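Colleague: Quick one: the structure is below, questions incoming.
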Amino acid sequence: MLKGKKVFVGLSGGVDSAVSAAMLKEQGYEVIGVFIHTWHPNFLECNEEAERRDAMRAAAHLDIPFLTFDFEKEYKKEVADYMISEYKAGRTPNPDVICNKEIKFGAFLKKALSMGADYVATGHYARIQENNDLRSRYLLRGKDAAKDQSYFLYALSEDVLARTLFPIGGMTKQEVRAKARHFNLPNAERPDSQGLCFVGEVSMKDFLARFISVESGPALDMKGRIIGEHEGAALYTIGQRHGFKTEKGESGVQYYVVSIHTKTNTLRVSTRREDAARGDVALEDMHWIGEKPGFPFKCEVEARYREVPARAELFEQDGEMRVRFNEPHIAAPGQSLVIYLGERCLGGGIITQTQDD
């Protein structure tokens with residue numbers, strides 16, 4: 384540890400970031416707590432002010448300076464607008480990935496460095512390994528498999544990792560709670576936050592309906608027959624299970640979304656979940672943490688957060704990056720596909736199309 388170095392810690396109001404700040408102060412860092420103000424729509428209530436108060440109380444308890452950085456415009460443009468446009472196009476985005484890249488380790492890091500910070504720190508469950516050359520960095524999974532957040536951090540560069548600290552990455556959630564009690568933090572028993580603040584308590588469908596013009600349309604079975612009606616093609620995700628309003632008035636029949644067609648406002652659905660799985664997907668916006676591997680390359684991948692890693696092979700075809708799964712896998716266009724070699728996160732990309740598109 385580099386005693387005396389200045390660290391700006393992103394304080395969300397939660398226990399993870401508060402423990403991170405407490406640990407860094409205990410280790411001898413000069414710690415400044417920062418609450419990041421983001422965007423939320425006027426028609427929804429948001430608990431941001433309560434979260435800010437919790438963050439402020441934690442900073443006061445630790446006797447560290449407390450600042451608020453306003454990134455409302457950046458968040459609206461880079462995260463919220465991106466998410467809405469992706470859903471509108473029938474893709475399923477990962478706003479947390481974009482938030483980390485553009486806000487927490489983009490705008491926040493840039494401003495912190497301009498104010499004299501040596502590092503920024505957050506309460507993410509992930510680890511950074513400094514290699515023997517002291518220049519390259521690896522991103523590793525967090526110790527707590529149930530809380531590991533490396534999936535959302537795959538788009539960070541080595542330069543960003545060199546300026547980043549994850550104090551609790553080598554701890555379990557239970558250990559973090561124990562640390563919070565040890566430090567007598569005022570938010571030691573605060574429940575974990577869920578979801579995106581700007582969505583609030585409403586469903587994602589109701590939220591998106593405020594921004595996307597949606598109309599009901601036909602849901603087709605695998606033979607192209609109309610089996611019922613959906614509420615708007617852009618509101619669905621491949622692999623999701625739904626009970627559609629069926630032509631026969633059936634109740635209790637569950638269908639899985641196999642494909643989404645926003646131009647014709649239709650869905651292809653099936654009673655078999657495996658029909659939504661694909662053997663091969665293409666990727667765009669690839670990001671590698673460190674050197675790009677040679678191809679073909681065998682690895683494990685995750686196409687959704689906290690899913691069981693799938694064995695796969697990466698290869699290049701006609702200038703395009705593709706992934707071939709060992710077994711058919713559900714992978715929705717717009718989602719991040721993150722690549723792992725053991726516990727090391729190598730990077731990832733955005734699923735742009737599937738084999739059967």
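Residue numbers (the numbering used here): 384 to 740.
Quick reminder that beta carbons are idealized off the backbone N, C-alpha and C, glycines included.
Since the structure is predicted, the reported quantities are computational estimates derived from the model, not experimental observations.
If I measure Cβ to Cβ from residue 402 and keep anything under 8 Å in the same chain, skipping five residues before and after, which residues do I get?
Modeller: Hits under 8 Å: 506, 550, 551, 559, 562, 563, 566, 568.
Colleague: Quick one: what does DSSP say residue 653 is sitting in, helix, strand or coil?
Modeller: In this structure, residue 653 counts as strand in the three-state DSSP scheme.
Colleague: Between which two residues does the beta strand (DSSP E) harbouring residue 610 extend?
Modeller: Its beta strand (DSSP E) spans residues 609-613.
Colleague: Using 8 Å for Cβ pairs, my map puts residue 532 next to residue 520. What's the rounded Cβ distance?
Modeller: 16 Å between Cβ atoms; not a contact.
Colleague: Quick one: residues in its chain with C-beta nearer than 8 Å to the C-beta of residue 465, no 5 flanking neighbours on either side, listed in chain order?
Modeller: For residue 465, where only same-chain residues beyond five positions count, the Cβ hits under 8 Å are 476, 478, 481.
Colleague: Starting from the N-terminal side, write out each stretch of the beta strand (DSSP E) that is 3 residues or longer and does not extend beyond the region 406-476.
Modeller: If we require 3 residues or more, the beta strand (DSSP E) runs fully inside the region 406-476 come out as 413-420, 449-453.
Colleague: Can you check whether the CB of residue 685 is closer than 8 Å to the CB of residue 692?
Modeller: Yes; because the gap between Cβ atoms is below 8 Å, this pair is in contact.
Colleague: With DSSP as the reference, please indicate the residues paired to residue 719 in a beta bridge.
Modeller: Its beta-bridge partners are 733.
Colleague: Helix, strand or coil for residue 605? Go by DSSP, reduced to three states.
Modeller: If DSSP states are grouped into helix, strand and coil, residue 605 belongs with coil.
Colleague: Hey, is the region 707-720 in contact with the region 445-462, meaning 3+ C-beta pairs nearer than 8 Å?
Modeller: Verdict: no, contact absent.
Colleague: Got a sec? Which residues, its chain only, sit under 8 Å from residue 442 by beta carbon, not counting five neighbours each side?
Modeller: For residue 442, where only same-chain residues beyond five positions count, the Cβ hits under 8 Å are 394, 404, 416, 448, 449.
Colleague: Sorted by chain position, which residues of the same chain lie with C-beta nearer than 8 Å to residue 654's C-beta, five sequence neighbours on each side aside?
Modeller: Counting only Cβ-Cβ distances below 8 Å, and skipping sequence neighbours, we find 636, 637, 638, 639.
Colleague: Report the start-end ranges of each beta strand (DSSP E) in the region 640-720 that is 3 residues or longer and not cut off at the edges.
Modeller: Segments of the beta strand (DSSP E) lying fully in the region 640-720: 649-653, 661-671, 680-685, 693-700, 703-712.
Colleague: According to DSSP, residue 482 sits in a beta bridge with which residue or residues?
Modeller: Answer is none; residue 482 lacks a bridge partner.
Colleague: Using the Cα positions of residue 601 and residue 644, report the straight-line distance between them to the nearest angstrom.
Modeller: Using only the alpha carbons, I get a separation of about 11 Å.
Colleague: With DSSP as the reference, label residue 559 as helix, strand or coil.
Modeller: Note: residue 559 maps to helix in three-state DSSP.
Colleague: To the nearest angstrom, how far is the alpha carbon of residue 483 from that of residue 608?
Modeller: Computed Cα separation, rounded: 42 Å.
Colleague: In the structure shown, what three-state DSSP assignment does residue 393 receive?
Modeller: Strand.
Colleague: Put residue 544 into one of helix, strand or coil per three-state DSSP.
Modeller: In this structure, residue 544 counts as helix in the three-state DSSP scheme.
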